[in-house]
Amino acid sequence: MAPSSSDASVGEICAICGVSSEEALHLLSMTESHSVNDAVDLFFRTQENGGAGASAGGASGGGGNVSPPPPSSSRPDHNNNTQVGAIHRRSAAAAAAASSGGGGAQQAGAGAAGPAAGTNNPPNNIRHAPATVLGLGVHAVVVLVRFTFQLTGTVVGLAFRLPVLRTIKRVCARALAPPPTHADGAAAARAFVANFDSKFGTTHPRFIADTYTNALRQARRSNKFLVAYLHCARHPATDSFCRETMCDETLSAFLDDGFVVWGGDVDAPEAFALHNALNATTFPLLVALHLGGNAGARNGGDVVEVWRRVGPVTPAEVIQGLAEALERFGSRLDADRQAEVARDFDRQLRAEQDAEYERAAAADRARMEAAEAARKEAAEAKAKVEAEEKAKAEAEAAEARRVEELATRRENAAAALPDEPAVGTESPGGAKVARILVRTPGGGRKERRFFSDASVGDLYAWVDALPTDEKVPEAFRLVTSYPRKIIDAKNSEQSLVDAMGADVVSGGQVALFIEDASE
1 MAPSSSDASV GEICAICGVS SEEALHLLSM TESHSVNDAV DLFFRTQENG
51 GAGASAGGAS GGGGNVSPPP PSSSRPDHNN NTQVGAIHRR SAAAAAAASS
101 GGGGAQQAGA GAAGPAAGTN NPPNNIRHAP ATVLGLGVHA VVVLVRFTFQ
151 LTGTVVGLAF RLPVLRTIKR VCARALAPPP THADGAAAAR AFVANFDSKF
201 GTTHPRFIAD TYTNALRQAR RSNKFLVAYL HCARHPATDS FCRETMCDET
251 LSAFLDDGFV VWGGDVDAPE AFALHNALNA TTFPLLVALH LGGNAGARNG
301 GDVVEVWRRV GPVTPAEVIQ GLAEALERFG SRLDADRQAE VARDFDRQLR
351 AEQDAEYERA AAADRARMEA AEAARKEAAE AKAKVEAEEK AKAEAEAAEA
401 RRVEELATRR ENAAAALPDE PAVGTESPGG AKVARILVRT PGGGRKERRF
451 FSDASVGDLY AWVDALPTDE KVPEAFRLVT SYPRKIIDAK NSEQSLVDAM
501 GADVVSGGQV ALFIEDASE
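In this text, residue positions in the sequence shown follow UniProt numbering: the first is 1, and each later residue adds one.
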């Protein structure tokens, strides 16, 4: 049966239960009769039983919480008393239905595919009832306060937007601008000194025409405070201050004698940055600064402000203020001086230690080099001696082999000689006997008989086989005494008659000399 969703039924349920129209329609759909009484009964029974179904649905399925029922005194009466009575008469049945509906809500919250057959799930998405009068009042107050703040912010923003935006833009432009380079800072300092001279004259303290950082370091090296003057040409008190105070001769002499002075126009980046660092609010501004730490370091140390004067001030007041600053903070300069003396001593000591170390290292290197040279020299001498000994041994071995070979050769030559012929005999070829006389280098005379048709090789073999004490050279040649003629050993097959001539051999005796063929 289709649920009845008439406006009257929905309105009644909304009035009795204090729920929205969508929730009332949902209550109607959850009852079998789709009547107002059953829907109201189901709602209150669910609340009175502790919201079993709704609690289970909220815990398992994540449904919304059910608002507690209003007290009985504030619950609106229904026009039909029989309906209200029916609600109370059917309390037991409604409780049972609510109990079975709570189980269905549990299944729905747990993600079941659908309710069990013949059962209806209780509502698990009923929202809170509309806000009460007190809640609406609080909400109205919050809205009113919020509107007031928004209106105030809008008015203040309109009043200050343009000046604030201009200020923020100027500050951001200054902050985001690249830092000035050394050349830019020095050029700005020189430009400031030149402009000051042209406008106020040259009677003024000696401004350092360099960057602020270098001026600080110079003051640190000079063991003095840096007096920085920040110049703003747009300020109305600037011109009178420059003429009456900065150009005062007494003050200029005082500053030149005891301080390092630097000036900068705040329109230049470096002076403007110093102005911001000092949190200056007006001009003209004179400030005395002290740079602590080591002046030679990349980051010299902390900059400390020891004195400041803002606005118009007389030369006497400046001198008095700086004198008091010297008296009060002079100990800083004394400490710097002592620290510098200690650093100089440390540097000198380190330099002497380094020099001594270098001398010791040089001496060590010289000793090591001398030892290495001696080692190399000894190694070379040893190698030379060993080489000489080796060469001598090789030469001696070679000489021994030579002598042995020579002796062997001569023995072989002597063994190969034909027998010496007797006097008066003839060779098979009819050759007569010739007597050969040889003078040896040792001063001896050796004689032997040969047939005149014997070969030159036999003659050389006989001479070569002479005893060693005759000192016959290894390479030699035989020469006739007169007329001088060389008997060439190359012609070993040649006969003596052919080599020396028949007239020589025919005499019966031939005298020969031994010459060294290696010369």
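Where is the CB? At the ideal position from N, CA and C, for every residue including glycine.
What number of angstroms, rounded off, separates the C-alpha of residue i from the C-alpha of residue j?
| i | j | result |
| --- | --- | --- |
| V145 | G301 | 53 angstroms |
| A499 | T480 | 10 angstroms |
| P428 | G501 | 20 angstroms |
| A373 | D364 | 14 angstroms |
| A219 | D346 | 22 angstroms |
| P315 | L349 | 46 angstroms |
| E405 | D453 | 30 angstroms |
| E515 | V472 | 9 angstroms |
| R45 | D38 | 10 angstroms |
| E377 | A370 | 10 angstroms |
| E289 | A271 | The amino acid occupying residue 289 in the given sequence is Leu; Glu does not appear at that position. Rounded to whole angstroms, L289 to A271 spans 14 angstroms at the Cα level. |
| D184 | N276 | 19 angstroms |
| Q338 | G292 | 12 angstroms |
| V445 | E388 | First, the amino acid is wrong: residue 445 is Arg here, not Val. If I take the Cα positions, the gap works out to 40 angstroms. |
| D257 | Q353 | 38 angstroms |
| A325 | L278 | 17 angstroms |
| A253 | A351 | 40 angstroms |
| S33 | L25 | 13 angstroms |
Which one or two residues does DSSP pair with residue i in a beta bridge?
| i | result |
| --- | --- |
| E404 | Paired residue(s): none; E404 is not in a bridge. |
| S455 | S495 |
| W307 | A288 |
| K392 | Its beta-bridge partners do not exist; DSSP assigns none. |
| residue 545 | Examination of residue 545 is not possible in this model, given that the chain is present from 1 through 519 alone. |
| D265 | H231 |
| I487 | L478 |
Of all the CB atoms in chain B, is at least one closer than 8 angstroms to the CB of residue i?
| i | result |
| --- | --- |
| E399 | The chain inventory of the structure shown lacks chain B, comprising one protein chain alone. |
Are residue i and residue j touching if we call contact CB-CB under 8 angstroms?
| i | j | result |
| --- | --- | --- |
| V463 | V438 | yes |
| T238 | F200 | no |
| F192 | H235 | no |
| A465 | F450 | no |
| F207 | G263 | yes |
| L255 | V287 | no |
| E474 | G442 | no |
| V313 | T245 | yes |
| V310 | L251 | no |
| L478 | L496 | no |
| S9 | V36 | yes |
| F43 | C14 | no |
| T202 | E249 | no |
DSSP three-state call for residue i: helix, strand or coil?
| i | result |
| --- | --- |
| F207 | strand |
| A98 | Residue confidence for A98 is low, a pLDDT of 39 falling below 50, so the modelled location carries little weight and cannot support an answer. |
| Y229 | strand |
| R449 | strand |
| F283 | coil |
| V423 | coil |
| E12 | helix |
| V260 | strand |
| V433 | strand |
| V472 | coil |
| K224 | coil |
| T213 | helix |
| E369 | helix |
| G330 | helix |
| V19 | coil |
| M246 | helix |
| V341 | helix |
| S252 | helix |
| T314 | coil |
| G501 | coil |
| A517 | coil |
| T31 | coil |
| G444 | coil |
| D302 | coil |
| T152 | helix |
| G201 | coil |
| L134 | helix |
| A140 | helix |
| A188 | helix |
| N124 | In this prediction, N124 scores a pLDDT of 39, lower than 50, which makes its location untrustworthy; the coordinate-derived value is nonetheless stated afterwards. Coil. |
Any heavy atom of the ligand ZN closer than 7 angstroms to the Cβ of residue i?
| i | result |
| --- | --- |
| A325 | What this structure holds is no ligand at all, so the ligand ZN is not there to describe. |
| query | Counting pairs of Cβ atoms below 8 angstroms between the segment 485-496 and the segment 420-427, do you hit three or more? | reply | Contact fails: fewer than three Cβ-Cβ distances are below 8 angstroms.
| Three or more beta-carbon pairs under 8 angstroms between the segment 325-334 and the segment 263-275, yes or no? | No, they do not touch.
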